[in-house]
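**Q** This is the structure I have questions about; it appears just below.
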Amino acid sequence: MLYFLPTPIGNLADITLRTLEVLERCEIFLCEDTRVSKRLLHLLAQNPIIGHSFPNIATKKREFIAFHSHNDQEFLSQIELSFFDKEIAVMSDAGMPSLSDPCMSLVAYALKHNIQYDVLPGASALTTAFCASGFLEGCFFYAGFLPHKSKERRLRIAKILNALAYLEEKTPVVFYESPHRLLETLKDLNDLASGMHLFAAKELTKLHQHYYLGEISQIMTQLQKNNIQGEWVLVLLNEKKIEPCMGLSALLELDLPPKIKTKIEATMTQQNAKELYSQRLLEEKNQ
1 MLYFLPTPIG
11 NLADITLRTL
21 EVLERCEIFL
31 CEDTRVSKRL
41 LHLLAQNPII
51 GHSFPNIATK
61 KREFIAFHSH
71 NDQEFLSQIE
81 LSFFDKEIAV
91 MSDAGMPSLS
101 DPCMSLVAYA
111 LKHNIQYDVL
121 PGASALTTAF
131 CASGFLEGCF
141 FYAGFLPHKS
151 KERRLRIAKI
161 LNALAYLEEK
171 TPVVFYESPH
181 RLLETLKDLN
191 DLASGMHLFA
201 AKELTKLHQH
211 YYLGEISQIM
221 TQLQKNNIQG
231 EWVLVLLNEK
241 KIEPCMGLSA
251 LLELDLPPKI
261 KTKIEATMTQ
271 QNAKELYSQR
281 LLEEKNQ
């Protein structure tokens with residue numbers, strides 16, 4: 001039996017009773033980072049209330065196995081199905097498993113092989129930030145982490161905004177971002193969505209939690225003067241109607257001169273027009 005467990009995103013008091021019950025009885029732990037999971041159990045055991053009510057959290061012998069984005073496929077291809085007859089806890093470093101971590105592949109594996117599993121609800125930076133944003137829209141689009149490189153990041157943002165332009169209602173977009181790329185991401189957002197409002201949440205549930213709300217350019221100005229260390233969640237409100245653009249597949253079907261078509265495609269995908277044209281000529285030659 002697999003148990004996908006929510007872990008605190010910063011404040012240890014956000015651990016749930018159901019999670020504590022599972023932590024106490026499981027002997028095998030699949031962890032995004034075994035060091036983080038061991039540290040969490042150690043801190044939980046030090047709490048007098050938890051230590052008294054769940055004494056096995058500190059004393060029970062356990063096996064910790066790394067399960068992350070660099071080894072999940074290899075792990076699943078080699079493991080015997082009998083392994084899942086045991087009681088197994090699955091933990092990400094923080095928050096809900098399967099949100100921006102590889103646990104979703106384990107859920108899919110369990111479904112495919114009829115392995116029993118349960119997902120316990122709990123803390124999530126995604127829902128916490130959206131609820132704190134004050135945006136009145138009842139739905140949102142979760143974009144997870146954006147690409148590290150600016151060119152790829154800008155393309156991803158543009159694709160998301162263009163896709164949402166087809167919806168009649170405003171749909172906030174939720175991103176996760178690290179402090180190392182925060183200002184660069186804000187610049188890209190401001191270039192592509194100038195004038196839109198942004199809610200930025202720093203270090204949710206932690207000692208230095210802070211909220212920022214305003215136009216993207218205003219948030220940029222504030223954060224350039226402040227300490228931006230810590231984990232961030234950005235909620236972008238696409239309040240301006242963006243005109244839907246023609247999709248790439250539709251463009252390629254148009255009867256246009258090759259050079260013109262390639263120039264448009266290069267602009268849409270932010271590629272070099274000459275290189276793209278040479279690539280298209282080579283593809284036609286090899287057909």
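Numbering (full-length UniProt numbering), first residue to last: 1 to 287.
Here a beta-carbon is modelled for each residue, glycine too, at the ideal position from N, C-alpha and C.
Given the structure is predicted, the values throughout are model-derived calculations rather than measurements.
Quick one, which of S98, I157, P97 and Q224 has its alpha-carbon nearest L192's?
**A** What you label residue 192 is simply residue 192 of the sequence shown in a count that begins at 1. If we check each option's Cα against that of L192, I157 comes out closest.
**Q** Can you give the Cα-Cα distance for L126 and V174, rounded to whole angstroms?
**A** In the sequence shown, the residue the question calls residue 126 occupies position 126. In the sequence shown, the residue the question calls residue 174 occupies position 174. Answer to the nearest angstrom: the Cα atoms are 7 Å apart.
**Q** Assign K202 to buried or exposed, taking buried as 16 or more other Cβ atoms, counted over all protein chains shown, within 10 Å of its Cβ.
**A** The sequence position of residue 202 within the sequence shown is 202, counting from 1. When all chains shown are included, K202 counts as buried.
**Q** Touch check for the region 142 to 149 and the region 168 to 188: three-plus C-beta pairs under 8 Å?
**A** yes
**Q** Measuring only the C-alpha atoms, how far is F54 from G214?
**A** Taking the first residue of the sequence shown as 1, we reach residue 54 at position 54. Taking the first residue of the sequence shown as 1, we reach residue 214 at position 214. So the two alpha carbons sit approximately 45 Å from each other.
**Q** For I57 versus L99, is the C-beta spacing smaller than 8 Å?
**A** As a first step, residue 57 is located in the sequence shown; it is residue number 57 there, counting from the start. As a first step, residue 99 is located in the sequence shown; it is residue number 99 there, counting from the start. Against a cut-off of 8 Å, the Cβ pair of L99 and I57 comes out as no contact.
**Q** Jot down the residue ranges of each uninterrupted alpha helix (DSSP H) in the region 162 to 221, minimum 4 residues, whole runs only, in chain order.
**A** 182 to 192
**Q** Measure the CB-CB distance between L189 and L236 and report whether it falls below 8 Å.
**A** As a position in the sequence shown, residue 189 is number 189, starting the count at 1. As a position in the sequence shown, residue 236 is number 236, starting the count at 1. The answer is yes: Cβ separation under 8 Å.
**Q** Between L2 and Y117, which are expected to be in contact by the criterion C-beta below 8 Å, what is the C-beta distance as a whole number of angstroms?
**A** Counted from its first residue, the sequence shown places residue 2 at position 2. Counted from its first residue, the sequence shown places residue 117 at position 117. Contact holds; Cβ gap of about 4 Å.
**Q** Around the C-beta of residue 335, are 16 or more other C-beta atoms found within 10 angstroms, so that it is buried, or is it exposed?
**A** Past the edges of the chain, shown from 1 to 287, lies residue 335, and the structure says nothing about it.
**Q** Is it right to say S77 is buried, meaning 16 or more other beta carbons lie within 10 angstroms of its own, or is it exposed?
**A** Position 77 of the sequence shown, counted from the first residue, corresponds to residue 77. Flag for S77 reads exposed.
**Q** Less than 8 Å separating the beta-carbons of W232 and E152?
**A** Here residue 232 refers to the residue found at position 232 of the sequence shown. Here residue 152 refers to the residue found at position 152 of the sequence shown. For W232 and E152, no; Cβs fall outside 8 Å.
**Q** Starting from the C-beta of E32, find all residues in its chain whose C-beta is less than 6 Å away, skip the five residues before and the five after it, and write them out in chain order.
**A** What you label residue 32 is simply residue 32 of the sequence shown in a count that begins at 1. Once the five neighbours on either side are set aside, the close Cβ partners of E32 are H68, S92, D93 and D101.
**Q** When you compare only the Cα positions, how much space is there between Y211 and Q222?
**A** Mapped onto the sequence shown, residue 211 falls at position 211. Mapped onto the sequence shown, residue 222 falls at position 222. Roughly 11 Å separates the two Cα atoms.
**Q** With a CB to CB cut of under 8 Å and the five nearest residues on each side skipped, what residues in its chain are close to S105?
**A** In the sequence shown, residue 105 corresponds to position 105, counting from 1. Around S105: D72, Q73 and L76.
**Q** Determine the closest residue to R154 out of T269, V36 and E27, with distance taken between C-alpha atoms.
**A** Counting from 1 along the sequence shown, the entry for residue 154 is found at position 154. The shortest Cα separation from R154 among T269, V36 and E27 belongs to T269.
**Q** Rounded C-beta distance between P172 and S133? I'm assuming under 8 Å.
**A** In the sequence shown, residue 172 corresponds to position 172, counting from 1. In the sequence shown, residue 133 corresponds to position 133, counting from 1. At roughly 7 Å, the Cβ-Cβ gap stays under 8 Å, so P172 and S133 are in contact.
**Q** Pick out whichever of P179, H208, L161 and L207 has its Cα sitting closest to the Cα of S194.
**A** Indexing the sequence shown from 1 puts residue 194 at position 194. That would be L161, whose Cα lies nearest to the Cα of S194.
**Q** Look at residue 288 and I50 and say whether their C-beta atoms are less than 8 Å apart.
**A** The first residue shown for the chain is 1 and the last is 287, placing residue 288 beyond what the model contains.
**Q** With M91 as the anchor, note down where its alpha helix (DSSP H) starts and where it stops.
**A** Indexing the sequence shown from 1 puts residue 91 at position 91. Not the alpha helix (DSSP H): M91 falls in the beta strand (DSSP E), residues I88 to M91.
**Q** Do E63 and I28 have their C-beta atoms within less than 8 Å of each other?
**A** Locating residue 63 in the sequence shown gives position 63, where the first residue counts as 1. Locating residue 28 in the sequence shown gives position 28, where the first residue counts as 1. The answer is yes: Cβ separation under 8 Å.
**Q** How far does the beta strand (DSSP E) with F141 in it extend, from its first residue to its last?
**A** Along the sequence shown, read from residue 1 onward, the residue named residue 141 stands at position 141. F141 to F145 is the extent of the beta strand (DSSP E) around F141.
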